[in-house]
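J.: For the sequence shown, my numbering gives the first residue as 648, with consecutive numbering after it. Even for Gly, the Cβ is constructed at its ideal location relative to N, Cα and C. Computed from a predicted structure; not experimentally measured.
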Amino acid sequence: MKKKIVWNRKTWIRLALLAAGICFFAFLFWLNQVDKPELVTSEGRTFERAQVVKVLQDNIQENGRRYGEQKVVLHMLTGPHRGEELEATSSAGYLFGAGCTPGMRVIAIQSVSGDITVTSVFSADRGLAVYGLQAVFGLCICLIGRKQGVKA
648 MKKKIVWNRK TWIRLALLAA GICFFAFLFW LNQVDKPELV TSEGRTFERA
698 QVVKVLQDNI QENGRRYGEQ KVVLHMLTGP HRGEELEATS SAGYLFGAGC
748 TPGMRVIAIQ SVSGDITVTS VFSADRGLAV YGLQAVFGLC ICLIGRKQGV
798 KA
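Okay, structure coming up:
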(Lines of atoms letter the chains of each structure in order from A and count residues from 1; the text may use other names and numbers.)
(Lines give C-alpha, C1' and ligand atoms only; values in the text may rest on other atoms or scores of the structure.)
Protein backbone atom coordinates (compact mmCIF):
# COMPACT_ATOMS: atom_id res chain seq x y z
CA MET A 1 0.00 0.00 0.00
CA LYS A 2 1.39 3.34 -1.05
CA LYS A 3 1.16 6.29 1.21
CA LYS A 4 -0.15 9.33 -0.60
CA ILE A 5 1.75 12.61 -0.13
CA VAL A 6 -0.45 15.36 1.18
CA TRP A 7 0.49 18.73 -0.39
CA ASN A 8 -0.38 21.10 2.37
CA ARG A 9 1.42 24.20 3.67
CA LYS A 10 3.73 22.20 6.00
CA THR A 11 4.95 20.01 3.11
CA TRP A 12 5.70 23.06 0.93
CA ILE A 13 7.68 24.70 3.76
CA ARG A 14 9.77 21.54 4.25
CA LEU A 15 10.42 21.32 0.52
CA ALA A 16 11.44 24.99 0.38
CA LEU A 17 13.83 24.56 3.35
CA LEU A 18 15.39 21.49 1.72
CA ALA A 19 15.88 23.39 -1.56
CA ALA A 20 17.38 26.37 0.32
CA GLY A 21 19.79 24.04 2.15
CA ILE A 22 20.91 22.40 -1.09
CA CYS A 23 21.40 25.82 -2.71
CA PHE A 24 23.39 27.03 0.33
CA PHE A 25 25.79 24.05 0.18
CA ALA A 26 26.15 24.45 -3.60
CA PHE A 27 27.02 28.13 -3.01
CA LEU A 28 29.62 27.17 -0.37
CA PHE A 29 31.17 24.64 -2.75
CA TRP A 30 31.33 27.25 -5.52
CA LEU A 31 32.75 29.86 -3.13
CA ASN A 32 35.64 27.58 -2.11
CA GLN A 33 36.80 26.97 -5.69
CA VAL A 34 39.78 29.34 -5.56
CA ASP A 35 43.42 28.91 -6.54
CA LYS A 36 45.41 28.60 -3.34
CA PRO A 37 49.02 29.73 -3.83
CA GLU A 38 51.70 27.67 -2.12
CA LEU A 39 53.12 29.84 0.66
CA VAL A 40 56.02 27.58 1.60
CA THR A 41 57.30 24.93 -0.74
CA SER A 42 57.92 21.52 0.77
CA GLU A 43 59.07 19.89 -2.45
CA GLY A 44 62.14 17.73 -1.89
CA ARG A 45 61.81 17.87 1.90
CA THR A 46 61.03 14.77 3.96
CA PHE A 47 60.87 13.93 7.64
CA GLU A 48 62.81 10.77 8.52
CA ARG A 49 63.67 8.83 11.68
CA ALA A 50 67.32 8.69 12.71
CA GLN A 51 69.58 7.86 15.63
CA VAL A 52 72.43 10.05 16.86
CA VAL A 53 75.76 8.22 16.49
CA LYS A 54 78.03 10.93 17.90
CA VAL A 55 78.15 14.64 18.65
CA LEU A 56 80.90 16.35 16.65
CA GLN A 57 80.52 19.86 18.06
CA ASP A 58 78.52 21.03 21.06
CA ASN A 59 78.03 24.63 22.18
CA ILE A 60 77.08 23.94 25.79
CA GLN A 61 78.15 26.66 28.22
CA GLU A 62 79.40 26.42 31.81
CA ASN A 63 75.92 27.25 33.12
CA GLY A 64 74.42 24.26 31.24
CA ARG A 65 72.72 26.28 28.49
CA ARG A 66 73.27 25.51 24.85
CA TYR A 67 73.75 28.37 22.38
CA GLY A 68 73.93 28.11 18.61
CA GLU A 69 73.80 24.64 17.16
CA GLN A 70 75.24 21.16 17.48
CA LYS A 71 76.90 19.23 14.71
CA VAL A 72 76.03 15.55 14.92
CA VAL A 73 76.36 12.33 12.94
CA LEU A 74 73.03 10.57 12.31
CA HIS A 75 72.38 6.96 11.35
CA MET A 76 69.30 7.20 9.11
CA LEU A 77 66.60 4.64 9.96
CA THR A 78 64.09 5.53 7.20
CA GLY A 79 64.00 7.30 3.86
CA PRO A 80 66.16 7.22 0.74
CA HIS A 81 69.39 7.41 2.79
CA ARG A 82 68.38 4.54 5.09
CA GLY A 83 71.38 2.85 6.69
CA GLU A 84 73.75 5.73 5.88
CA GLU A 85 75.50 7.94 8.40
CA LEU A 86 75.06 11.63 7.60
CA GLU A 87 76.35 14.80 9.21
CA ALA A 88 73.56 17.08 10.44
CA THR A 89 72.96 20.21 12.48
CA SER A 90 70.68 20.56 15.48
CA SER A 91 69.64 24.11 16.33
CA ALA A 92 69.14 25.17 19.92
CA GLY A 93 65.61 26.55 19.70
CA TYR A 94 62.05 26.06 20.85
CA LEU A 95 60.64 25.15 17.43
CA PHE A 96 63.42 23.06 15.89
CA GLY A 97 66.29 20.99 17.14
CA ALA A 98 66.99 18.94 20.22
CA GLY A 99 69.81 18.60 22.71
CA CYS A 100 71.36 15.53 21.08
CA THR A 101 73.26 12.79 22.90
CA PRO A 102 74.69 9.60 21.37
CA GLY A 103 72.02 6.89 21.04
CA MET A 104 69.12 9.38 21.05
CA ARG A 105 66.38 8.80 18.44
CA VAL A 106 65.38 11.93 16.51
CA ILE A 107 63.24 13.11 13.61
CA ALA A 108 65.43 14.62 10.89
CA ILE A 109 64.47 16.92 8.01
CA GLN A 110 66.13 15.97 4.74
CA SER A 111 66.10 18.58 1.98
CA VAL A 112 67.13 17.10 -1.36
CA SER A 113 68.01 19.30 -4.34
CA GLY A 114 69.68 17.41 -7.16
CA ASP A 115 72.71 15.60 -5.74
CA ILE A 116 72.83 17.78 -2.61
CA THR A 117 71.20 16.55 0.61
CA VAL A 118 70.98 18.81 3.65
CA THR A 119 70.03 17.11 6.91
CA SER A 120 69.03 18.79 10.16
CA VAL A 121 67.44 17.61 13.39
CA PHE A 122 63.77 18.57 13.69
CA SER A 123 62.97 17.20 17.16
CA ALA A 124 63.31 14.23 19.45
CA ASP A 125 61.45 11.10 18.31
CA ARG A 126 58.50 10.79 20.69
CA GLY A 127 56.83 7.88 18.89
CA LEU A 128 57.41 5.35 21.67
CA ALA A 129 55.94 7.72 24.29
CA VAL A 130 52.85 8.35 22.14
CA TYR A 131 52.28 4.62 21.61
CA GLY A 132 52.72 4.03 25.34
CA LEU A 133 50.12 6.67 26.21
CA GLN A 134 47.70 5.15 23.69
CA ALA A 135 48.16 1.73 25.29
CA VAL A 136 47.56 3.16 28.80
CA PHE A 137 44.45 4.98 27.54
CA GLY A 138 43.08 1.80 25.95
CA LEU A 139 43.78 -0.15 29.12
CA CYS A 140 41.96 2.47 31.23
CA ILE A 141 38.95 2.34 28.88
CA CYS A 142 38.86 -1.46 29.24
CA LEU A 143 39.24 -1.38 33.04
CA ILE A 144 36.69 1.37 33.65
CA GLY A 145 34.16 0.33 31.01
CA ARG A 146 34.63 -3.42 31.48
CA LYS A 147 32.59 -5.20 28.80
CA GLN A 148 31.41 -1.95 27.19
CA GLY A 149 34.97 -0.59 27.26
CA VAL A 150 36.29 -3.62 25.42
CA LYS A 151 33.54 -3.22 22.81
CA ALA A 152 34.49 0.45 22.33
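Can you tell me whether F769 is buried or exposed? The criterion is at least 16 other CB atoms within 10 Å of its CB, across all chains shown.
T.: That one is buried.
J.: What residue does the alpha helix (DSSP H) around Q781 start on, and which one ends it?
T.: Here the alpha helix (DSSP H) through Q781 covers 774-798.
J.: What span of residues does the beta strand (DSSP E) with R692 cover, start to end?
T.: Looking at the DSSP string, the run of the beta strand (DSSP E) that includes R692 is 692-704.
J.: So is G744 buried or exposed if we call it buried at 16+ other beta carbons inside 10 Å?
T.: Buried, by the Cβ-count rule.
J.: In whole angstroms, what separates the C-alpha of Y778 from that of A667?
T.: For Y778 and A667, the distance between alpha carbons rounds to 46 Å.
J.: Applying the 10 Å Cβ sphere with the 16-neighbour rule, what's the burial state of C747?
T.: So C747 counts as buried.
J.: Please report how far the alpha carbon of C787 lies from the alpha carbon of Q781, in whole angstroms.
T.: Looking at the two C-alpha atoms, the distance is approximately 10 Å.
J.: Going by the DSSP bridge assignment, what does M723 pair with across the sheet?
T.: Partner(s): A697.
J.: Could you tell me which residues DSSP pairs with T766 in its beta bridges?
T.: The partner list for T766 (beta bridge, DSSP) reads Q757.
J.: Note down, in chain order, each residue of its chain lying with its Cβ closer than 6 Å to the Cβ of R729, except the 5 sequence neighbours on either side.
T.: Excluding residues within five positions, the ones whose Cβ falls inside 6 Å are M723.
J.: Across which residues does DSSP place S878 in a beta bridge pair?
T.: Shown here, the chain extends from 648 to 799; a query on residue 878 therefore has no answer.
J.: Who are E731's beta bridge partners in DSSP?
T.: E731 is not bridged to any residue.
J.: So who's on the other strand from A673, going by DSSP bridges?
T.: Answer by DSSP bridge pairing: none, since A673 is not bridged.
J.: What distance in whole Å lies between the Cβ atoms of V702 and P749, which are believed to be in contact at a cut-off of 8 Å?
T.: Indeed, because the Cβ distance is near 7 Å, the residues count as touching under 8 Å.
J.: Using a Cβ-Cβ cutoff of less than 8 Å, which residues in the same chain neighbour N706 once the five nearest sequence positions on both sides are dropped?
T.: Cβ within range, chain order: R713, Y714, G715, E716, Q717, A739.
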